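K.L.:
Heads up, the final residue of the sequence shown is numbered 81 in full-length UniProt numbering, and it's a clean run with no missing numbers. All C-beta atoms, glycine included, are put in the ideal place defined by N, C-alpha and C. All values derive from a computational prediction rather than experimental measurement.
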Amino acid sequence: MTDVKDLVLTIVRPLVSQPENVHLEITEGDQFMEYNLTVAPEDIGRIIGKQGRVAKAIRTIVYSVRTKEPKKVRLNILDGN
């Protein structure tokens with residue numbers, strides 16, 4: 001679980017202008033481990049990218065990581081509002 005968290009933060013922090021405002025909250029559901037990524041409102045466009053390409057690439061990397069948990073991983077990207 002912390003491996004995925006570290007991976008997400010390692011990928012996202014260099015992409016944003018305010019890395020101190022990057023937060024990742026983990027919520028455990030019945031079928032999913034939800035990772036809620038919150039960034040500053042001005043950085044949301046950098047994380048999503050044109051036509052969602054950056055967000056899709058981040059999700060592809062995160063989803064491909066094998067965890068010990070039998071649950072699937074879901075990454076949600078939120079702005080800091």
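Assuming M33 and K71 make a contact with CB atoms under 8 Å, what is their CB distance in whole Å?
P.N.:
Residue 33 sits at position 33 when you count from the first residue of the sequence shown. Residue 71 sits at position 71 when you count from the first residue of the sequence shown. Right, their Cβ atoms sit about 5 Å apart.
K.L.:
Just to confirm before moving on: does the CB-CB distance between residue 91 and L7 stay below 8 Å?
P.N.:
Absent from the model: residue 91. The displayed extent of the chain is 1 to 81, so no value can be given.
K.L.:
What beta strand (DSSP E) runs, 3 residues minimum, are completely inside the stretch 2 to 67?
P.N.:
Annotation note: the stretch 2 to 67 contains the following uninterrupted beta strand (DSSP E) runs of length 3 or greater, listed N- to C-terminal: 23 to 28 and 32 to 39.
K.L.:
Among the candidates P19, I61 and E69, whose CA atom is the shortest distance from the CA of V39?
P.N.:
Start at 1 with the first residue of the sequence shown, and residue 39 comes out as number 39. Comparing Cα positions, the closest option is P19.
K.L.:
Just reading off the beta strand (DSSP E) that K72 is part of, what are its end residues?
P.N.:
For the purposes of this step, residue 72 is identified with residue 72 of the sequence shown, where counting begins at 1. Residues K72 to D79.
K.L.:
Leaving out the 5 sequence neighbours to the left and right, which residues in its chain are closer than 7 Å to V22 when beta-carbon positions are compared?
P.N.:
On the sequence shown, residue 22 is found 22 positions in, with the first residue counted as 1. So the qualifying residues of the chain are L9, V12, R13, V16 and V39.
K.L.:
By Cβ distance, which residues of its chain are closer than 7 Å to L78, with the 5 residues on each side in sequence left out?
P.N.:
By 1-based counting over the sequence shown, the position of residue 78 is 78. Correct list, in chain order: N36, L37 and T38.
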